[in-house]
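In full-length UniProt numbering, the protein residues as written are 1 to 294.
Ideal Cβ placement from N, Cα and C applies to all residues, glycine included.
No experiment lies behind these values; they were computed from the predicted model shown.
Beneath this line is the structure, given in structure tokens, with notes to follow.
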Amino acid sequence: MSLSDQPLELLDTIASFIPLPSDLLSLALANKLLYGIIVPEHLEFRQVRCDARRRTLWSALSDHPGSSSRILSLDLLPEIPSVQRLIPQSLNASSDEDLQGDGGDGCAELLATAIATMSRLQCFSFQQTSFARAHLMEPVFDALRLRCTNLREIEITFYDSQPSFETFSAPLWEFTNLTRVSITVTRHPGVRGGPRPFLQKMFAMLLNCPRLGDLRIASEMRGPRVDISRFLTDKLWPDLRCLVVEGDIAFDDKEKLTSFLLRHPKLETLSLPESHETAAAKLAMAGAVSSGSG
């Protein structure tokens with residue numbers, strides 16, 4: 001039985017398991033019947049990259065859950081000339097008038113409703129400059145937590161002001177089974193620095209991510225440095241290959257940091273704030289690796 005004899009539903013299911021657009025296109029070019037299924041029904045819906053204020057798009061995706069369920073990656077970022085926008089053209093939902101609006105007040109709920117239909121979403125990225133007020137994202141985070149059970153990667157960038165990041169980020173810390181986490185929180189000039197309880201919540205969440213492979217934390221809160229050594233005690237992620245920590249975060253306990261690094265021999269990328277403690281810990285790790293290889 002040839003490929004052309006297979007039910008269309010089966011071919012559609014096969015296409016849904018191919019994540020990369022390049023692989024989808026190769027498959028589409030191999031067979032005319034597959035081409036009709038993959039283009040545009042699958043090819044346009046693997047990755048969406050655009051400003052978070054595109055309410056016309058979010059409404060269209062909510063109205064077409066069969067299409068939005070094929071989205072694997074959602075990148076929300078300001079649309080500047082250097083950014084390649086990716087919007088499904090078949091939905092006719094790329095109105096630039098959306099970007100002339102009120103800074104996002106009216107479309108957060110629309111975005112949350114659309115995300116609730118993205119059942120296969122694996123990667124989510126958000127830069128707060130898409131919204132004038134970051135606290136609007138709380139329903140979006142709730143939708144991700146409740147409906148996107150396949151989510152594996154998150155990248156969040158906030159410019160903290162009022163209300164504080166702490167007041168609306170609670171849904172973020174309930175994710176499980178993430179493999180890549182990148183959190184950046186920066187205070188605007190003139191805003192007093194304060195405590196960062198989100199760090200404790202984040203590390204508690206990461207306990208439920210045993211396959212974590214990539215962790216990036218950046219904090220510029222315009223206040224005293226915060227020591228996160230205590231969060232590293234007994235933490236173990238066997239697949240951790242990348243650890244990047246930047247900004248006003250410190251490791252004041254050399255022993256805890258050294259022990260953490262030695263428990264993660266698969267680390268390939270390591271970037272820590274410069275201090276006597278981090279330098280000593282990296283030297284100890286390098287010495288252990290050299291001894292082990294010898």
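#1: Using the beta-carbon count (16 or more within 10 Å), is E44 buried or exposed?
#2: Please go through the same chain and pick out, in chain order, the residues whose beta-carbon is closer than 6 Å to the beta-carbon of R46, but skip the five residues on each side of it.
#3: Have a look at I14 and R120 and give me their C-alpha separation to the nearest angstrom.
#4: Take P171 as the anchor and find which of T184, H135, R216 and T179 has the nearest alpha-carbon.
#5: Please report how far the alpha carbon of S275 lies from the alpha carbon of R147, in whole angstroms.
#6: Between the segment 238-249 and the segment 206-220, do at least 3 Cβ pairs fall closer than 8 Å?
#7: With a threshold of 7 Å on Cβ separation, who are the neighbours of F260 within its own chain once the five nearest residues in sequence on each side are excluded?
#8: Go ahead and pull the three-state DSSP assignment for I18.
#9: Residues in the same chain with beta-carbon distance under 8 Å from P40, minus the five sequence neighbours each way, listed in chain order, please.
#10: If you drop the 5 nearest sequence neighbours on each side, which residues of the same chain put their C-beta closer than 7 Å to that of A250?
#11: Mapping DSSP to helix, strand and coil, what is D239?
#12: Any chance you could list the alpha helix (DSSP H) runs of at least 4 consecutive residues sitting entirely within the segment 3-90, in chain order?
#13: Among M205, R263, S68 and P210, whose alpha-carbon lies nearest the alpha-carbon of R145?
#14: Look at V48 and L86 and say whether their C-beta atoms are less than 8 Å apart.
#15: For residue 295, count neighbouring Cβ atoms within 10 angstroms of its own Cβ and tell me buried if that reaches 16, exposed if not.
#16: What does the alpha-carbon distance come out to for the pair L257 and T269?
#17: Would you mind sorting I154 into buried or exposed? The rule is 16 or more other CB atoms within 10 Å of its CB.
#18: Note down, in chain order, each residue of its chain lying with its Cβ closer than 7 Å to the Cβ of E166, except the 5 sequence neighbours on either side.
#19: Using CA coordinates, which residue listed in N92, I80, L110 and D75 is at the minimum distance from S125?
#20: Can you tell which of F203, S271, L207 and F158 has its C-alpha closest to the C-alpha of M221?
#21: When you compare only the Cα positions, how much space is there between A60 and L29?
#22: Using beta-carbon positions only, say whether E267 and W237 come within less than 8 Å of one another.
#23: Count the other CB atoms, across all protein chains shown, that sit within 10 Å of the CB of residue 363; report buried if there are 16 or more and exposed otherwise.
#24: Starting from the Cα of T179, find the closest Cα among W58, S229 and Q122 and give me that residue.
#25: Where does S119 sit, in a helix, a strand or coil, going by DSSP?
#26: List the endpoints of the continuous alpha helix (DSSP H) containing I258.
#27: Check G294 in the structure and name its three-state DSSP category.
#28: Given this structure, state the Cα-to-Cα distance separating M202 from W173, to the nearest angstrom.
#29: Between the alpha carbons of E109 and R187, how many angstroms are there, rounded?
For this structure:
#1: By the 16-neighbour rule on beta-carbons within 10 angstroms, E44 is buried.
#2: Exclusion of the five residues before and after R46 leaves P21 and L72 as the residues of its chain whose Cβ lies within less than 6 Å of its Cβ.
#3: If I take the Cα positions, the gap works out to 15 Å.
#4: With distances taken between Cα atoms, P171 lies closest to H135.
#5: Each residue's Cα considered, the two are about 42 Å apart.
#6: Per the Cβ contact rule, the segment 238-249 is in contact with the segment 206-220 (3 or more Cβ pairs under 8 Å).
#7: Here the set comprises L232 and K235.
#8: Taken through DSSP and simplified to helix, strand or coil, I18 comes out as coil.
#9: A distance below 8 Å between beta-carbons, with the five flanking residues on each side excluded, links P40 to the following residues of its chain, in chain order: P88, Q89 and S90.
#10: Excluding sequence neighbours, A250 sits near R225, V226, D227, P273 and S275.
#11: In the structure shown, D239 sits in coil (DSSP, three-state: anything other than H, G, I, E or B).
#12: For the segment 3-90, whole alpha helix (DSSP H) runs of length 4 or above, ordered along the chain, are 8-16, 21-30, 32-38, 55-63 and 65-68.
#13: The shortest Cα separation from R145 among M205, R263, S68 and P210 belongs to M205.
#14: Yes, Cβ-Cβ distance for V48 and L86 is below 8 Å.
#15: Any answer about residue 295 is impossible in this case: the structure gives the chain only from 1 up to 294.
#16: Spanning the two alpha carbons is a distance of roughly 16 Å.
#17: Counting Cβ neighbours within 10 Å, I154 comes out buried, since at least 16 surround it.
#18: Within the same chain, P197 and F198 come within 7 Å of E166 by CB-CB distance, once the 5 residues on both sides are set aside.
#19: The shortest C-alpha separation from S125 is found at D75.
#20: Checking every option, the nearest Cα to that of M221 belongs to F158.
#21: Between the alpha carbons of A60 and L29 lies a distance of about 28 Å.
#22: Per the sequence shown, the amino acid found at residue 267 is Leu instead of Glu. Contact flag unset, no.
#23: Residue 363 is absent from the structure shown; the chain starts at 1 and stops at 294.
#24: Scanning W58, S229 and Q122 for the CA closest to the CA of T179 turns up Q122.
#25: In the three-state reduction of the DSSP assignment, S119 falls in the coil class.
#26: Just to set this straight, residue 258 is Thr in the shown sequence, not Ile. From DSSP, the alpha helix (DSSP H) with T258 extends over K254 to L262.
#27: The pLDDT assigned to G294 is 48, lower than 50, so where the model puts this residue is not dependable, and the model offers no usable value.
#28: M202 and W173: Cα-Cα distance of roughly 6 Å.
#29: If you draw a straight line from the Cα of E109 to the Cα of R187, it is about 25 Å long.
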